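Here this note's numbering runs 15 ahead of the position in the sequence shown, where the first position is 1.
Structure first, then comments.
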Amino acid sequence: MAVSRKTPPDPAASRLTLHWPDQLSGQCAFEVGLSGGLDSVALLALLCAERDRRPGLALSAVHVHHGLSPNADAWAEHCRRLCAELAVPLRVERVTVAAGGGDSLEAAAREARYAVYRGSSAGVIALAHHLDDQAETVLLQLLRGGGVRALAAMPALRELAAGKLLWRPLLHVTRDRLHDYVRARGLAWIDDESNLDTRYRRNLLRHDILPRIARAIPHYRSHLARAAALQADAAAVLDEVASADAAAAAVADGLSWPALAALSAPRRRLALLRWLETLGWAAPEPAALLEFLRQLDEAGVGASPQLELVQGHLLRYANVVQAWTKVQCHIGDSRLDWRGGEMQELPEWGGSLEWERRPLGLPESALAGGLCLRQRQGGEKLPARVGRREIKDLLREAGVPPLLRRRWPLLCDGGGELLALPGIAVSAARAAEPGWWPLWRPRRP
16 MAVSRKTPPD PAASRLTLHW PDQLSGQCAF EVGLSGGLDS VALLALLCAE
66 RDRRPGLALS AVHVHHGLSP NADAWAEHCR RLCAELAVPL RVERVTVAAG
116 GGDSLEAAAR EARYAVYRGS SAGVIALAHH LDDQAETVLL QLLRGGGVRA
166 LAAMPALREL AAGKLLWRPL LHVTRDRLHD YVRARGLAWI DDESNLDTRY
216 RRNLLRHDIL PRIARAIPHY RSHLARAAAL QADAAAVLDE VASADAAAAA
266 VADGLSWPAL AALSAPRRRL ALLRWLETLG WAAPEPAALL EFLRQLDEAG
316 VGASPQLELV QGHLLRYANV VQAWTKVQCH IGDSRLDWRG GEMQELPEWG
366 GSLEWERRPL GLPESALAGG LCLRQRQGGE KLPARVGRRE IKDLLREAGV
416 PPLLRRRWPL LCDGGGELLA LPGIAVSAAR AAEPGWWPLW RPRRP
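Following this line, the structure appears as structure tokens:
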């Protein structure tokens with residue numbers, strides 16, 4: 016760990032100021048993400064100067080202790096001393112980062128930090144990313160094959176969580192200017208030894224590649240930042256188009272496939288991604304999504320292409336692209352008490368059991384002795400007015416997608432007799448007029 020501090024002040028360097036977006040008007044509580052490094056020390060000092068000019072500004076700092084470096088405790092202590100010197104309240108949050116190496120470890124540490132930031136009581140979290148960071152991010156995203164949203168890099172202001180903003184006020188400032196500012200203020204900072212480790216791609220760019228670019232193209236940072244701003248504009252336009260297309264294709268159960276099919280292939284893909292985003296689902300791998308869209312385009316009307324994702328399944332059925340959450344593959348019998356028609360949530364089954372009074376249904380005498388939900392095994396039949404109907408035929412005739420047929424529960428009485436296929440049919444052998452009709456509501460995203 017290296018610590019740098021006081022040199023004779025440079026009056027020109029100390030004139031660095033922050034630009035406050037209009038969206039921050041009315042915000043009073045600001046918390047700085049403070050690593051103790053040069054950048055975050057500069058930001059904290061700049062906001063302390065703003066605090067002196069803005070009496071209503073409540074300023075605090077948070078240091079995330081990852082425990083990944085032998086110097087981690089010393090960094091936390093450095094932040095305590097600095098905040099005491101600047102009269103800034105500090106909280107130190109210890110996190111556990113999953114073991115790993117290279118960029119995977121860096122990503123895990125980043126997610127741990129942002130989880131801490133999301134839990135802040137402040138309305139604005141201020142981070143010290145600067146112009147050099149922005150240029151590095153653009154190049155990293157380009158090397159990863161990112162689209163326009165990724166190439167837009169880091170926004171200066173965005174929503175972090177409900178009622179909470181993340182602000183990066185230094186994206187227009189170079190690392191060298193921050194260095195001069197901190198030296199002019201006579202403040203100390205620490206150097207994280209991991210920033211020299213070129214196993215991390217960002218460090219590889221910073222130490223091996225970008226210095227060569229800087230010698231040939233001195234203004235590359237501002238050029239890349241301008242490119243990122245243009246990509247952000249393009250991403251905003253594409254988001255508007257995708258939102259409009261998804262809204263136009265929306266139907267009760269998902270997205271109308273004919274409406275999607277009428278769009279160009281890129282708009283179709285973006286509309287589907289936008290819809291998944293509104294569901295809170297992560298985007299599929301690009302190759303998997305393109306293959307799913309190809310199957311949708313080429314499959315016959317009766318086919319039901321599917322795409323399995325982390326959160327659940329996408330499928331097309333009855334000309335509608337639908338999303339269904341995952342449930343356990345093998346579910347044991349679930350014993351239920353009759354609660355006089357009260358709805359019962361059954362998360363392990365991926366839905367809820369509800370009841371309605373109907374002219375024809377099940378009598379309370381068939382329900383009061385206890386109930387059981389049972390998973391289909393195949394070959395089950397339900398007594399009908401004439402003979403017995405196969406469960407698989409009832410599900411198909413009711414328009415239940417094949418994916419849901421496999422996990423649709425059977426309702427039995429306490430002795431194991433099949434009473435109903437909830438939402439579709441009740442046993443004619445046990446039906447009464449009037450009676451209770453069971454309804455199965457599969458959980459949607």
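C-beta: ideal position from N, C-alpha, C; glycine also.
The structure presented is a predicted model; accordingly, all values stated were derived computationally and were not measured.
Notebook entry, point to check: Nearest to residue 307 by alpha carbon, out of 283, 246 and 293?
Noted result: Closest option to residue 307, Cα to Cα, is 283.
According to DSSP, is residue 325 part of a helix, a strand, or is it coil?
Here residue 325 carries a coil assignment [DSSP, helix/strand/coil].
Inset, instruction - To the nearest angstrom, report how far apart residue 281 and residue 197 are at their CA atoms. - result: So the alpha carbons of these two residues sit roughly 48 Å apart.
Could you pull out every unbroken alpha helix (DSSP H) segment of at least 4 residues lying fully inside the segment 387 to 453, listed in chain order? Taking 4 residues as the minimum length, the alpha helix (DSSP H) runs contained wholly in the segment 387 to 453 are 406 to 412 and 417 to 420, in order along the chain.
### Message
Using the three-state DSSP reduction, which class does residue 28 fall into: helix, strand or coil?
### Response
Legend: pLDDT at residue 28 = 47, less than 50; position of this residue unreliable, no value from coordinates given.
Q. Would a C-beta distance cut-off of 8 Å place residue 46 and residue 141 closer than the cut-off?
A. Yes, the pair counts as a contact, with Cβ atoms nearer than the cut-off.
inquiry  = Can you look up residue 189 in the DSSP assignment and give me helix, strand or coil?
reply    = Three-state result, residue 189: coil.
Q | Cutoff 8 Å; reference residue 237; Cβ partners in own chain excluding five residues on either side | A | Closer than 8 Å at Cβ, skipping near neighbours: 146.
### Query
With distances taken between CB atoms, is the gap from residue 121 to residue 77 smaller than 8 Å?
With contacts defined by Cβ atoms closer than 8 Å, residue 121 and residue 77 do not form a contacting pair.
Hey, residue 439 and residue 418: beta-carbon distance below 8 Å or not?
No, these two residues do not count as a Cβ contact at 8 Å.
* To do: Run the CB neighbour count on residue 406, radius 10 Å, all protein chains shown included, and call it buried at 16 or more, exposed below.
  => Per the 10 Å Cβ criterion, buried.
### Query
Can we say the segment 154 to 171 touches the segment 199 to 214, given the rule of at least three CB pairs closer than 8 Å?
The segment 154 to 171 vs the segment 199 to 214: no contact.
Worksheet item: Going by other Cβ atoms of all chains shown within 10 Å of its Cβ, with 16 needed for buried, is residue 55 buried or exposed?
Response: It is buried - the Cβ of residue 55 has at least 16 other Cβ atoms within 10 Å.
Which stretch, first to last residue, makes up the beta strand (DSSP E) that contains residue 373? Following the DSSP letters along the chain, one finds residue 373 inside the beta strand (DSSP E) bounded by residues 366 to 373.
Quick check on residue 93: buried or exposed, where buried means 16 or more other Cβ atoms within 10 Å of its Cβ? Within a 10 Å sphere around the beta-carbon of residue 93 sit 16 or more other beta-carbons, which makes this residue buried.
What residue range does the alpha helix (DSSP H) around residue 156 cover? Element bounds for residue 156: 146 to 158.
Check your understanding: What are the partner residues of residue 340, as DSSP defines its beta bridges?
Key -> Residue 340 is bridged by DSSP to 327.
Next item on the list: Taking the CB atoms as reference points, tell me whether residue 334 and residue 279 lie closer together than 8 Å.
Entry: No, the Cβ-Cβ distance between residue 334 and residue 279 is not below 8 Å.
Query raised in the report: In three-state DSSP terms, what is residue 282?
Result: Helix.
> By DSSP, does residue 359 sit in helix, in strand, or in coil?
Replying inline: Residue 359 carries a strand assignment under DSSP once its states are collapsed to helix, strand and coil.
query = So does the segment 130 to 138 actually touch the segment 31 to 47, counting three or more Cβ pairs closer than 8 Å?
reply = By the Cβ criterion, the segment 130 to 138 is in contact with the segment 31 to 47, since at least three pairs of Cβ atoms, one from each stretch, lie closer than 8 Å.
- From residue 458 to residue 341, what does the alpha carbon distance come to, in whole angstroms? A direct Cα-Cα distance of roughly 9 Å separates residue 458 from residue 341.
Go through its chain and collect everything with a Cβ distance to residue 266's Cβ below 7 Å, but skip five positions before and after it.
Residues 335 of the same chain have their beta carbon placed closer than 7 Å to that of residue 266, with the five preceding and five following residues left out of the count.
ask   = So residue 185 packs on residue 58, CB below 8 Å; how close in whole Å?
value = Right, their Cβ atoms sit about 6 Å apart.
Problem - Same chain, Cβ closer than 6 Å to residue 73, five either side skipped, listed in chain order - result: So the qualifying residues of the chain are 43 and 44.
Do residue 424 and residue 392 come within 8 Å of each other at the CB atom, strictly closer than that value?
If you check the CB distance, residue 392 and residue 424 do not come in under 8 Å.
**OP:** With hydrogens ignored, establish whether the beta-carbon of residue 54 is closer than 7 Å to any heavy atom of the ligand FMN.
**Re:** The ligand FMN is absent from the structure shown, which contains no ligands of any kind.
Just the C-alpha distance for residue 223 and residue 259, rounded to the nearest angstrom, thanks.
-> Rounded to the nearest angstrom, the two C-alpha atoms are 44 Å apart.
- prompt: Three-state secondary structure (DSSP) at residue 353?
  reply: The answer is coil: DSSP assigns residue 353 none of H, G, I, E or B.
**Asked** Relative to the C-alpha of residue 246, which residue among 435, 422 and 156 is closest?
**Response** Put simply, of 435, 422 and 156 the residue whose alpha carbon is nearest the alpha carbon of residue 246 is 156.
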